[in-house]
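Engineer: Sharing a structure, written as structure tokens. Questions coming.
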Amino acid sequence: MNMSITDILFYLLSALAVFSAIMVLVSKNPVHSVLWLIVVFFAISGHYVLLNAQFLAIVNLIVYAGAIMVLFLFVIMLMNLNAETEPQKNIWMKLAGAISGGCFLLMLVSLTRQATELYGKKAMMIDGNIGLIKNLGKVLFSDFVIPFEITSVLFLSAMVGAVVIGKKD
Amino acid sequence: MNTLVFLVPIFPLLGFLINGLGRKSLSKTAISLIGSGSILASFLVSIVLFFDVKANGGSVTQLFEFIKTEGFHIPFAFQVDQLSSLFLLIITGIGFLIHLYSSAYMHEEEPQHFGRYFAYLNLFVFSMLLLVMGANYVIMFIGWEGVGLCSYLLIGFWFKNNDYNYAARKAFVMNRIGDLGFLLAVFWILAKLGTASYAEVFAGAGKLTAFDITAITSLLFIGAMGKSAQIPLYTWLPDAMAGPTPVSALIHAATMVTAGIYMIARSNILYTMAPATQSLIAIVGLATAIFAATIALKQNDIKKVLAYSTVSQLGYMFLGLGVGAYTGAVFHVMTHAFFKALLFLGAGSVIHAMHHEQDIRKMGGLKKYMPVTQLTFLLACLAIAGIPPFSGFFSKDEILTAAFEKNPLYYYIGVAGALMTAFYMFRLYTLTFLGKFRGTAEAAHHLHESPWQMTVPLIVLAVLSVVGGWIGIPEVFAENAHSLEHFLSPIFAESAKLAEHHSLSHSQEYLMMGGTTAAIILVILFTINKHKNYIPPVSETSGLSKLLENKWYIDELYDTVIAKPVQAFAGLLKNVVEKTGIDGLVNGVGKLVGYGSRQLRLLQSGQVGNYILIMVMAMVVFFLIWFNDGYLVHIFKKII
Amino acid sequence: MNAIIVSALLGVVMMFSGILTKNKPTHSLIAVFGLVLLLVANLLNTYGVLAFQPDTHGLFRFEKFGMYFNSIAIFATLVYVLVSGKTIEQTGVNVADYYALIFFVLCGVSILSTFNSLLILFLGIEIMSIPLYILTGADKKNLKSNEASLKYFLMGSFSTGILLMGITLIYGATGSFILGVPNMYIPPSTGGLIAKTSFIEIAGIILLFVAMCFKVSAAPFHFWTPDVYDGAPGVFTSFMATIIKAAGFAAFLRLFEAQTEVLGPTWKILLSLVIVLTLLIGNITAVFQQSVKRMLAYSSIAQAGFMLFALYAQNDLSKEGLLLYTAAYSLATIGVFAVLIKMNDYTFDGFNGLAKSQPVLAFVTTICLLSLSGIPLTAGFFAKYYMLASVIKNGGGLWLVIVAVLFAAVSIYYYFRLIQAMYFKEGTPETQEITGTFKTSLLILGALIILIGVYPSIVLNWFYF
Amino acid sequence: MIPVSLILIPLITGIIAFFLKEAKLVRSFVLLSSLITLLFALAAAFFSSAPGPALDVEWLPSLGSRFSLMMDGMGKMLCLLTAVSFPAIFIAIQKNEYKNSSSFYGLMLLSQAGLMGVFLAADALLFYFFWELALIPVYFLCSIWGGEKRIAVTFKFFVYTFLGSLLMLAGLLYLYFHTADHSFSLNSFYHISLSGKQEAFIFWLFFIAFAIKMPIFPFHTWQPDAYEQSPTATTMVMSGIMVKMGIFAVIRWLIPVFPHASIQFAHLIILLAITGMIYASLIAFRQDDIKRLVAYSSIAHIGLICAAIFTQSTMGLQGAMIQMFNHGINVIGLWILVDTIEQKMGTRKLSELGGLAQKAPVMAILFVVMALANIALPLTNAFVGEFLMFNGLFSYHVLFTAFAGISIILAAVYTLQMVQKVLYGNTSAFTEKAVDITANVKWVLIVFVIIILVLGVYPQPMLDLTIDTVKSITTKS
Amino acid sequence: MPIQNYIYLCLTLFSIGIIGVLTRRNAIIIFMCIELMLNAVNLLLVAFSKMHHAYVLKSYPDTTVGTEGQLFVFFIMVVAAAEVSVGLAIIVMMFRNTHSVDINFLNRLKN
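Residue numbers (this note's numbering), protein chains in the order written: chain A, 1 to 169; chain B, 1001 to 1640; chain C, 2001 to 2465; chain D, 3001 to 3477; chain E, 4001 to 4111.
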């Protein structure tokens, strides 16, 4: 077997991501779940780096692992949730959920295997400069300027919403 | 001449309208004058018409188109020819007498009901005239149903009594069964020939297949069975005695019940062409004649005896038709009309005197109280028994002779029936008029002879019953003396050509007449003797006589075999098939929706986890559906 | 484009008006004027007058259909605010914010009716959904409202995840987010239908389909609908059940119109399965409901089943029909809800005897219900008519039409139950204060429904104009 | 102009009636309105000649539908029936008190407008519109002013008929897309060409709709319940006129549009119709409720009309045409009497009635005449119709006729049983204090009796009126 | 790296997210699982963008194909952030009223 360093890193990060994702599910303590999820995000950022999507790698870390997850953590701590208070579904429901999810995965995987046009297609690793912030910025502010502006509406509404919901009457 | 034709039915119709609408305001005298007068007017016109026909032959008068549509029309037309003019005379003549009689008989009724009675009676005459005068089967059918209606109304005249109403309904329904046959025959004729007018139908009869003719004639005969009370549809007639007695005389003896004979005589050409039907008619007629006679032997109600006697005599008429003696049948219709009307009116007179007591066991010895009635009744009995030279002898003899020519067996059975006739008529006569009065003393106190309005018709009819037969004297007695046959010959000419002729030797005929007459006289003497000192039996009868007293249990048989099962079946349909079956199915759909609703809402469990689970599973199913290599597509396309 | 921009701006204006004045009726007044302005702006856009003309780089496609749809949606919102404005004011303190959110939703609606890229679709859906999560939970003290909001949010986010996976898979196959771009790796000439399209593209389409089904509450992805509609404050349910649902359909139709190339016959199986299931669940479950509000939620699912016919047929008639359906369905539902939220008791029994105490309300409700059940002379008839006609026009869908018709007969059951309660049963319904203005605007609404029902050309001619 | 006014007069006056407050005023107003309509209808039936499109204006161009009306013989006759019936009903119910009478009469007039529209429409979509317009007011009438179980029963009736009309709508749409010029006009429908299979399938969609309306066995179960529970005025409209909608539709919209299928399935349908006749007659025979009895009797009569139509013979059709009119008159007359009995005696049970002939002689006579017309006695109007229909049926199939003929007997059985139990015998607790009918009812019924007898003796005007419709069908198929 | 590997990886993560949604009762954890799903999508988008880029690059050396994929990821992150703010606000509101984040207790609305 002839594996380059990239390959090895890919598999390592993948294994980490999947493992941590599973740990998110199985951890009884919500705080642990959050921490495992942060690990997943780190692994995914690692993948972004491998794919030479540096901008996204950084944003992912800052926005997701940093801001969003901290928010989660705050909320959980605010509510004082821990392993003891954590409600558990009964085993059959869990099994049903796992089997359905598994079937869903199976379906999509089998479809991917049948997608012959993707045979031999490779994702460009390390190389390729589209993921660089310079290129992304150029395209974002030329072709994608309207969606960019539209997201401001989204933010506005989210802001108004959060205020309406959170404000004490 | 033609202008007169429509006058015949219009008088009774006017009488009906005036009496019907004005029954509350008119006095009884006025009502009876209008009622009888209108018939008298018709009678007078009929006489004019009769002589006109005699001189100039028949004619058809069209009033207007009754139904006219694409390729099909039914004119409202009257045909006055030898046959119908004869019937016109019988109907209006006897009708007038009975109206006259009724004005006394019904005098106890309140004016309103008195008016109603005459209105119905006039309507009946109108319908009967339509029946007879119609120039096609449809007009005949109008009259045919019309007389049925009037019969219904008059049987149920005393509507407070529910038994009478049942009797009325029974009469109407049984008639309707026959009418259906008649109607089907009319449709058949229309379908095959495109016309219902007699002239065209008879002219076109040659184009019909044997099957068609047999079917048409059989169906028409079913109609006749209903109207003329033949087996198996005869049971209504005895029950119809619930009506006022003059009604029985007019409708259920003299006129309406002979409509079947008129119709077959009218259609004689068709019947001559359908020998199978003819045999059927002969057998049914004979069977009815003998069967009804057996029942009459043991009846105790004066009117019931006469009713069964009527059924029996009608049977003879059908026998005559069946063996091709059309003239004989018509002849018998006429004579029967005289003597049977007389018998009924006589019975009415008796009942009138007895204050509506009809049981002959409680009568007896009325001879001294009611001489006119007794005498006329006796004459009628002799006439019906067939004693020469009374009218019944000639007509019955003509039929029996013809039957013998066809098949001697018919003759012997017919003679047996004639003997029974003699027996029951004289049993009736003896029990009523001879011997001692068996009723209560109070009843005896009230006995009286009837007023002139009642006796005059009796006398007139008695005369007719005696002399009425003389227009049809058989050839063995005198050449060309049968003036009726001569008169009617244009009607039956075509049939006569087709029918095969046997003739009997004169000696044979003399022998038969003599033998029969002697036998009948013996029976009469025996009967009078046997019943002269009648004492009502105390014990229940048994065996054959019980069977006869109960009319062979035919009513009960019909009830169990037809009425009850139909009722039960209808009940089944109403309560089970309709309610739980069809409606249950309809409501079941509604219930199913409700049930589905209760079950489906459980899917909406309120649990987000379940919702998402179902969504994921649905997605998996979607994938499965899409990627199953087109098998489903195949099925789907088939569905479309 | 006008509508998107103006509605976003109006949202901001409403936010500021909330700061500047606390007078609730003023907010409503501003909102009404804003909506009129928006309507005018959109109409101007329809006839070629544009406020801005930015290069959208193919992300948008402004077609007649979208423009008309916007106009109808805005008009429906205007009617909605006119009829139910009072109730919005009573729902909470943040009236201006509610109006702001409604304008943001309209922005999302306008985006959904004109998008040409999956990215915009995604943004549009989110812009539309996020304010709705809030509006659902607007009655903060009410546990039902909270629950509905959370349910809606969780399921909505989940469906967003599905939507995104679908978009990604399509992107993987086509290399673009623009609608109708062919597969990047398979030359169009090869093979039959399935061979021509990539498996992952189809997988993506199915996922998109599922996500859109969720948005328009088609079975079996409808589960959120009854709970959310029931839990949300009535006045916002009315908004959600009408304009939002219609917008979902507009987007759905637009999305799949572009995909007809890759959709094989299997697509019809899937769609007819969804249609039948939707009709079944919507109609049958509605039969048993005791609460009118919940019944209307199920009825909206049933109506969605009918609207899906437009997707099944995908011809000119279905587009016209969807417009008409939107108008008819929105007007009728707004009418019924407007009356419903005036009632103190939301159950069927709460309506007993309404015809006696409030004849005008009962009458207009009856018209609306007749329209919903598709009785001629009301707008609903032509709406249903178009849906059925569009399927039959394509040929082959007759069995589906018959199934739909059978369920339409079932729908009579629950719609007429309300009529029965109002007219044929005795009772003294308690209502909130009914103003003359309210009655008048209801009557106008009813008249509008009848007008469209008698002479639908007023809507349709305009389409052909 | 006349045809459109036949629709507009009741429509407009109906709407006005809603706003009149005084009960007396409303009564006179609607009576006046219906009398004016009657004048117009008479003018239309006997003084207008030109057949063909009576009115044709643009309505829904994008849908290929026009507001076009047509008046052929059958349409004239049925409009006349409608126009005669309504004033008669209004006069007969003058004395009945209805709560909220302005709405009652308003709805009655609206249903009249709908009925007129159905009989006049020459455009399928328009026809469908009026078809429903006639139904909705009746739904409200029955549900508000009906008997105890009115809500459930009327609802069943409504859903049933609505289901039928929806199926018809599906069929209409299908046909629309198969017309040559994409139009709903009658003419385009008559020239449609479908494959055998399509025709057979769509035929049934239509037929079920009409069968429910008529109603034909086994789709009839809504009817007795609905007739029983409705206010009698509405029952009169329903049984006298609304069932004619179904028959009318078969003649106008079914047979000429599906010529092959209607021949192909004629056997089956006639068999159904005849089975229904016998079935309904037998059930009528066992009914104790006089309203249900008349309802079942009506089902039996309609069965015959349906059977006769499907023979597609001149006589059968001609008979069916005039029988539509006759049945309308007869059954409305019967309902008026039944209503009087119910109002006066407080019971509808045959077993609780009796002896009315003594107490109410005028009513008794009218009742008997109506009953006789019901059993198609000669010289009443129904005889001519039944005679022609049976004749047509006979030329189609002998055995069918014989089988159907049983119903003639059964009709006599149940009708006379009814007459007997109502009129004859001794009075019961309910009928002891009975008085005769009011003058209003008397005069209405006398007019009806005159119509019955005149048409029974001289049916030619009706036959001539409808012959063009008959010809148009027989020549087509 | 073959694109299939990325697809498998992302689908796995996505499915784990789904399974998480299905098996947990804590609303916050469920929400986190949804975030996990979004991240899987993000990674897949980037992988696809690089695949397309590599494919087009062969014929057009200065192509920017693939950028839109990465920008999409950017937008997803934006939206996710907005959604989180609203979502957590709703959860907190719920928690304030019921002192629970257990979705099984969300059963006042049913049938």
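All C-beta atoms in this analysis are idealised placements derived from N, C-alpha and C, irrespective of residue type, glycine included.
Fair warning: this is a prediction, and the values are worked out from it, not measured in the lab.
State the start and end residues of the unbroken beta strand (DSSP E) segment that holds B/Ile1067.
Structural biologist: Ser1059 to Thr1069
Engineer: Residue range of the beta strand (DSSP E) that B/Ala1077 falls in?
Structural biologist: Phe1072 to Val1080
Engineer: For D/Lys3471, collect the residues of the same chain with a Cβ closer than 6 Å to its Cβ; drop the 5 residues on either side in sequence, then sort them by chain order.
Structural biologist: Counting only Cβ-Cβ distances below 6 Å, and skipping sequence neighbours, we find nothing.
Engineer: What separation, rounded to the nearest whole angstrom, lies between the Cα atoms of E/Val4065 and E/Tyr4055?
Structural biologist: 9 Å
Engineer: Report yes if the C-beta distance between B/Ala1353 and B/Ser1507 is below 8 Å; otherwise report no.
Structural biologist: Contact flag unset, no.
Engineer: Kindly indicate the opening and closing residues of the alpha helix (DSSP H) around A/Met107.
Structural biologist: Ile91 to Gln114
Engineer: Compute the minimum distance between the beta carbon of D/Thr3415 and the heavy atoms of the ligand ZN, and state whether it is under 7 Å.
Structural biologist: By its list of ligands, the structure shown contains no ligand whatsoever, and the ligand ZN lies outside what it can speak to.
Engineer: Mind checking if A/Leu35 is an interface residue toward chain B, Cβ cutoff 8 Å exclusive?
Structural biologist: no
Engineer: So, helix, strand or coil for A/Gly120, using DSSP?
Structural biologist: Here A/Gly120 sits in coil by DSSP.
Engineer: Could you name the residues that DSSP lists as bridge partners for C/His2057?
Structural biologist: Under DSSP, C/His2057 shares a beta bridge with no residue.
Engineer: Is it the case that the Cβ atoms of D/Ala3045 and D/Lys3024 are separated by a distance below 8 Å?
Structural biologist: no
Engineer: If you drop the 5 nearest sequence neighbours on each side, which residues of the same chain put their C-beta closer than 7 Å to that of C/Met2067?
Structural biologist: Asn2042, Asn2045 and Thr2046
Engineer: If you follow the alpha helix (DSSP H) that D/Met3108 is in, where does it begin and where does it stop?
Structural biologist: Ser3101 to Leu3120
Engineer: Can you confirm whether A/Gly161, when its beta carbon is compared against all beta carbons of chain C, has any partner nearer than 8 Å?
Structural biologist: yes
Engineer: Could you tell me which whole alpha helix (DSSP H) segments of length 4 or greater appear in the stretch 1437–1513 of chain B?
Structural biologist: Within the stretch 1437–1513 of chain B, complete alpha helix (DSSP H) segments of at least 4 residues are found at 1441–1446, 1452–1467 and 1483–1498, given in chain order.
Engineer: Suppose the cutoff is 8 Å on Cβ atoms and the five residues either side in sequence are ignored; what does the same chain contact list for C/Gly2191 look like?
Structural biologist: Because C/Gly2191 carries a pLDDT of 49, less than 50, the predicted location of this residue cannot be relied on, and no value is offered for it.
Engineer: Let me see if you follow: with CB-CB separation under 8 Å, is B/Leu1613 close to chain C or not?
Structural biologist: no
Engineer: Could you have a look at B/Met1615 and say whether DSSP puts it in helix, strand or coil?
Structural biologist: If DSSP states are grouped into helix, strand and coil, B/Met1615 belongs with the helices.
Engineer: Please list the terminal residues of the continuous alpha helix (DSSP H) segment that includes B/Met1317.
Structural biologist: Ile1302 to Gly1322
Engineer: Less than 7 Å between C-beta atoms, sequence neighbours within five positions excluded: which residues of the same chain meet that for D/His3260?
Structural biologist: Gly3196 and Glu3199
Engineer: Measuring alpha carbon to alpha carbon, tell me which residue in D/Gln3287, D/Pro3378, D/Leu3063 and D/Ile3002 is nearest D/Thr3179.
Structural biologist: D/Thr3179 has its Cα closest to that of D/Leu3063, out of D/Gln3287, D/Pro3378, D/Leu3063 and D/Ile3002.
Engineer: Whose Cβ in chain A lies nearer than 9 Å to the Cβ of C/Tyr2133?
Structural biologist: Listed along chain A are Gly161 and Ile165, each with a C-beta nearer than 9 Å to that of C/Tyr2133.
Engineer: Comparing alpha-carbon positions, which option in E/Pro4002, E/Ile4007 and E/Met4001 lies nearest A/Ser110?
Structural biologist: Its Cα nearest to that of A/Ser110, the residue E/Ile4007 stands out among E/Pro4002, E/Ile4007 and E/Met4001.
Engineer: Helix, strand or coil: which one does DSSP assign to A/Gly166?
Structural biologist: helix
Engineer: What beta strand (DSSP E) runs, 3 residues minimum, are completely inside the stretch 4081–4107 of chain E?
Structural biologist: none
Engineer: Once DSSP output is grouped into helix, strand and coil, what is the label at D/Gln3229?
Structural biologist: helix
Engineer: Taking only beta-carbon positions, decide if C/Ala2195 is within less than 8 Å of chain B.
Structural biologist: Only weak support is given to the placement of C/Ala2195: the predicted model assigns it a pLDDT of 48, under 50, and the question is left unresolved by the model.
Engineer: Just by C-beta distance, which residues in the stretch 141–154 of chain A are closer than 7 Å to chain C?
Structural biologist: Asp143, Ile146, Pro147, Ile150, Thr151, Val153 and Leu154
Engineer: Start and end of the alpha helix (DSSP H) containing D/Arg3066?
Structural biologist: Segment Ser3065 to Met3070 is the beta strand (DSSP E) holding D/Arg3066; no alpha helix (DSSP H) there.
Engineer: Report all residues from its chain with a CB closer than 8 Å to the CB of D/Met3389; omit the five preceding and five following residues, and keep chain order.
Structural biologist: Leu3304, Ile3305, Ala3307, Ala3308, Met3315, Gly3316, Gly3319, Ala3320 and Gln3323
Engineer: Check whether the stretch 1244–1259 of chain B and the stretch 1114–1131 of chain B are in contact - that is, three or more C-beta pairs closer than 8 Å.
Structural biologist: yes
Engineer: Quick one: Cα of C/Pro2226 to Cα of D/Asn3440, how far?
Structural biologist: 57 Å
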